[in-house]
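One structure is given here, and the rest of the page talks about it.
Residue numbers (our numbering): 152 to 336.
Below, the structure is given as structure tokens:
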């Protein structure tokens, strides 16, 4: 599924509203939240290098994960106020996760095949962008070393709660990674 301009904007605005300007340690241990198991916090990743990626979505009984988007946030937003550039980073993609191809019943009328057969599963590795290379057009390059960035995932999900919100819910998780580290960890 291709990401439309509206979907990209909606996802970005969700990320902007939820991601703090200064990273804070994750304090929840609720297993119903999705989490990034790879890379681990503080992983050093060189520009252009492939790195292991694994996201465990929150899909479970009575909770369906529809898709999740992966972002590398280089400068976190501080508000949702309209500005020329409220966030910067790199979009890795929007991926599907296989979950619950089952049938609905009178007990679970909102159940069913969220994504029984994913068409765009996440790859086992992502490639760190090289910001020292121009993205083309009027875009310019910029070098950085020892830069802490956030690898962020926004998950789209819905559950069978009667008081569920209108539309899908979106959750956010992220891990700090070190871009172009010049020292070993």
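We put the CB at the ideal spot given by N, CA and C, even for glycine.
- Taking residue 250 as reference, the option from 318, 319, 217, 193 with the minimal CA-CA separation is 217.
- When the alpha-carbon of residue 311 is set against those of 197, 214, 248, 223, the nearest one is in 214.
- Residue environment analysis places residue 272 among the exposed positions, since fewer than 16 neighbouring C-beta atoms fall within 10 angstroms of its C-beta.
- Below 8 Å, too few C-beta pairs join the segment 198–209 and the segment 224–241 to call them touching: fewer than three.
- Assigned with DSSP and collapsed to three states, residue 209 falls in coil, not helix or strand.
- The segment 298–309 makes contact with the segment 218–225, as at least three CB pairs between them are under 8 Å.
- The beta carbon of residue 205 sits closer than 6 Å to the beta carbons of 188, 189 from its chain, once the five residues preceding and following it are set aside; these are given in chain order.
- CA-to-CA, the gap between residue 284 and residue 296 works out to about 14 Å.
- In terms of Cβ geometry, residue 186 and residue 324 form a close pair [threshold 8 Å].
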